[in-house]
Amino acid sequence: MKTEILYRKGYYGEFGGAYIPEILYNNVHELESYFLDVLSSPDFKKEYDHLLKEYVGRPTPLYHAKNFSEKYKATILLKREDLNHTGAHKINNAVGQALLAKRLGKKRIIAETGAGQHGVATATVCALMNLDCAVYMGQTDIERQAPNVSRMKMLGAKIIPVHSGSRSLKDATNEAIRDWMNNTEDSYYLIGSVVGPHPYPDLVARLQAVISEEIKYQLTEKFNRSSPDYVIACIGGGSNAAGAFYHFIDDANVKLIGVEAAGKGIHSGLTAATLAIGKPGIIHGCKTYLIQNADGQITEPHSISAGLDYPGIGPLHGNLFKTQRAQYLSATDEEALEAAMELTRKEGIIPALESAHALAALQQLQFRKEDIVVVSLSGRGDKDLNTYINHLNY
Numbered sequence: 327m328k329t330e331i332l333y334r335k336g337y338y339g340e341f342g343g344a345y346i347p348e349i350l351y352n353n354v355h356e357l358e359s360y361f362l363d364v365l366s367s368p369d370f371k372k373e374y375d376h377l378l379k380e381y382v383g384r385p386t387p388l389y390h391a392k393n394f395s396e397k398y399k400a401t402i403l404l405k406r407e408d409l410n411h412t413g414a415h416k417i418n419n420a421v422g423q424a425l426l427a428k429r430l431g432k433k434r435i436i437a438e439t440g441a442g443q444h445g446v447a448t449a450t451v452c453a454l455m456n457l458d459c460a461v462y463m464g465q466t467d468i469e470r471q472a473p474n475v476s477r478m479k480m481l482g483a484k485i486i487p488v489h490s491g492s493r494s495l496k497d498a499t500n501e502a503i504r505d506w507m508n509n510t511e512d513s514y515y516l517i518g519s520v521v522g523p524h525p526y527p528d529l530v531a532r533l534q535a536v537i538s539e540e541i542k543y544q545l546t547e548k549f550n551r552s553s554p555d556y557v558i559a560c561i562g563g564g565s566n567a568a569g570a571f572y573h574f575i576d577d578a579n580v581k582l583i584g585v586e587a588a589g590k591g592i593h594s595g596l597t598a599a600t601l602a603i604g605k606p607g608i609i610h611g612c613k614t615y616l617i618q619n620a621d622g623q624i625t626e627p628h629s630i631s632a633g634l635d636y637p638g639i640g641p642l643h644g645n646l647f648k649t650q651r652a653q654y655l656s657a658t659d660e661e662a663l664e665a666a667m668e669l670t671r672k673e674g675i676i677p678a679l680e681s682a683h684a685l686a687a688l689q690q691l692q693f694r695k696e697d698i699v700v701v702s703l704s705g706r707g708d709k710d711l712n713t714y715i716n717h718l719n720y
């Protein structure tokens, strides 16, 4: 299953496609026709690589977590996406898509955000590139991610609260798409994950693939081997996992582990564990797995982490799940909180609540002493301090 041939005509296996209203056809078709040529062009690559190095701060370290390694009796390495400018992996994608939008002649950027990290990353690159920025965010997420809301406002973004549904990421995405439908001429929709209509899942995966590209050469430098035994990442829409998995998909010796948000429990009715309980359906322009009731209506998800509080999943992950190329586990809110505190106390690193779900998987797996395990630390925990304080009684 080669990474480059996994994807055919907008689909990963049976998942993907572009289920869009006619009014968006020209925009989506233009992007589909254009993006591969742009991404491979020397001038784009030069500007993108320069910004990743000088502005974002890449490459991010592949940190040997020695205290975790001693506890879990394997070599545990943390891919430190939390050390990127703006504090998460989201900036990799935002820089690339903003450069692409400028080449398409767009002057205004629309984005959705849950945890706020994609919103901050988008607002950041819009400030850098002199683009207008509108960020849709559910009112629930605005309240629980207040630091990121303030950062976006400082950067000049217009924050548009969403009060429909569960007032979280799904609902913000709905409103962002409506805005795009009404402003197709001058606006570009900068999707934050490997979701949405073709070609967005492929575009975002390619931009985030820098994560696994770096892992390969960093492992070679540290251990004289280019592949780990495990790659573990949290899954909401799934962009940090797509980036961490990308260059290892065709290596069957690498175990790919995605970790969903179980919320209060997979069968509690308060969960975001899409692959555990979901069925194929259509959401936000693509066919994938989603949480739905017997009538096919999307069920409201729940997670303590705003970035994983989504009822669907990227079509790449849908295919990796169905073909059993990757294994998908889940972690509850409480398990994520415990894992976050363990990393904080043992390694002096406060992770984002999203990343804490990936860390929680270490408790569920059995490693050999010689195993090399890479965990994508997708973001830092500054944005979640209020949640940590409220739940840990500080």
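FYI, in our numbering the residues of the sequence shown are 327 to 720.
From the three backbone atoms N, C-alpha and C, an ideal C-beta is built for every residue, glycine too.
*Let me know if GLU407 comes out buried or exposed under the rule of 16 or more other beta-carbons within 10 Å of its beta-carbon.*
In the sequence shown, the residue the question calls residue 407 occupies position 81. Classification for GLU407: buried.
*What number of angstroms, rounded off, separates the C-alpha of LEU718 from the C-alpha of ASP635?*
The count along the sequence shown starts at 1 and reaches residue 718 at position 392. The count along the sequence shown starts at 1 and reaches residue 635 at position 309. Each residue's alpha carbon lies about 21 Å from the other.
*To which residues does DSSP link PHE341 through a beta bridge?*
Counting from one through the sequence shown, the residue named residue 341 turns up at place 15. Beta-bridge pairing links PHE341 to TYR338.
*Could you tell me how far apart the beta carbons of SER702 and ALA570 are, in whole angstroms, since I believe they sit closer than 8 Å?*
Translated into positions along the sequence shown, residue 702 becomes position 376. Translated into positions along the sequence shown, residue 570 becomes position 244. Correct: roughly 4 Å between the Cβ atoms.
_One question on the structure: do HIS444 and VAL585 come within less than 8 Å of each other, judged by their Cβ atoms?_
Residue numbering aside, residue 444 sits at position 118 when the sequence shown is read from its first letter. Residue numbering aside, residue 585 sits at position 259 when the sequence shown is read from its first letter. Against a cut-off of 8 Å, the Cβ pair of VAL585 and HIS444 comes out as no contact.
*Locate the alpha helix (DSSP H) running through GLY422, then write down its first and last residues.*
Along the sequence shown, one-based indexing puts residue 422 at 96. That run of the alpha helix (DSSP H) goes 416-429.
*Residues bridged to LYS484 (per DSSP)*: Here the question's residue 484 lines up with position 158 in the sequence shown. Under DSSP, LYS484 shares a beta bridge with ALA460.
_Burial state of MET463, where buried means 16 or more other Cβ atoms lie within 10 Å_ = Position 137 of the sequence shown holds residue 463. Per the 10 Å Cβ criterion, buried.
*Tell me which same chain residues have a C-beta within less than 6 Å of the C-beta of ARG384, skipping the five on either side of it?*
Stepping through the sequence shown from its first residue, residue 384 is reached at position 58. Cβ within range, chain order: LEU378.
*Taking the beta strand (DSSP E) that THR401 falls in, what are its first and last residues?*
For the purposes of this step, residue 401 is identified with residue 75 of the sequence shown, where counting begins at 1. Looking at the DSSP string, the run of the beta strand (DSSP E) that includes THR401 is 401-406.
*Considering THR658, what are the terminal residues of the beta strand (DSSP E) in which it resides?*
For the purposes of this step, residue 658 is taken as the residue at position 332 of the sequence shown. For THR658, the uninterrupted beta strand (DSSP E) run begins and ends at 652-658, by DSSP.
*Classify ALA502 as buried or exposed, calling it buried when 16 or more other Cβ atoms lie within 10 Å of its own Cβ.*
Taking the sequence shown and counting its residues from 1, the one referred to as residue 502 is at position 176. Classification of ALA502: buried, given that the 10 Å Cβ count is 16 or more.
*Stretch-stretch touch, CB-based, cutoff 8 Å, three pairs: the stretch 548-560 with the stretch 589-599*: By the Cβ criterion, the stretch 548-560 is not in contact with the stretch 589-599, since fewer than three pairs of Cβ atoms, one from each stretch, lie closer than 8 Å.
*asked:* Could you pull the DSSP bridge partners for ILE609 from this structure?
replied: Numbered from 1 along the sequence shown, position 283 holds the residue referred to as residue 609. Beta-bridge annotation (DSSP): ILE609 is paired with CYS612.
_GLU586 - containing beta strand (DSSP E), residue span_ = Counting from 1 along the sequence shown, the entry for residue 586 is found at position 260. If you look at GLU586, you'll find it in the beta strand (DSSP E) that goes 581-589.
*Determine, using beta carbons only, whether ALA424 and ILE435 come nearer to each other than 8 Å.*
Within the sequence shown, residue 424 is the residue found at index 98, counting from 1. Within the sequence shown, residue 435 is the residue found at index 109, counting from 1. Closer than 8 Å, so yes.
*asked:* Is the separation between the beta-carbon of ILE575 and that of LYS405 shorter than 8 Å?
replied: The count along the sequence shown starts at 1 and reaches residue 575 at position 249. The count along the sequence shown starts at 1 and reaches residue 405 at position 79. Against a cut-off of 8 Å, the Cβ pair of LYS405 and ILE575 comes out as no contact.
_Sub-8 Å separation of SER519 and VAL530 beta-carbons_ = If you number the sequence shown from 1, residue 519 lands on position 193. If you number the sequence shown from 1, residue 530 lands on position 204. For SER519 and VAL530, yes; Cβs fall inside 8 Å.
*Taking the alpha carbon of LYS428 as the point to measure from, which residue in GLY342, GLN471, PHE370 and ASN550 has its own alpha carbon closest?*
Taking the sequence shown and counting its residues from 1, one reaches residue 428 at position 102. The residue with the shortest Cα to Cα distance from LYS428 is PHE370.
*The alpha helix (DSSP H) spanning ILE537 covers which residue range?*
For the purposes of this step, residue 537 is identified with residue 211 of the sequence shown, where counting begins at 1. Element bounds for ILE537: 536-549.
*List the endpoints of the continuous alpha helix (DSSP H) containing LEU596.*
The residue given as residue 596 occupies position 270 in the sequence shown. In the DSSP annotation of this structure, LEU596 is not part of any alpha helix (DSSP H), being labelled neither H nor E.
*CB-CB under 6 Å to HIS415, same chain, minus the five flanking residues each way: which ones, in chain order?*
Start at 1 with the first residue of the sequence shown, and residue 415 comes out as number 89. These residues qualify, in order along the chain: GLU407, ASN566 and SER704.
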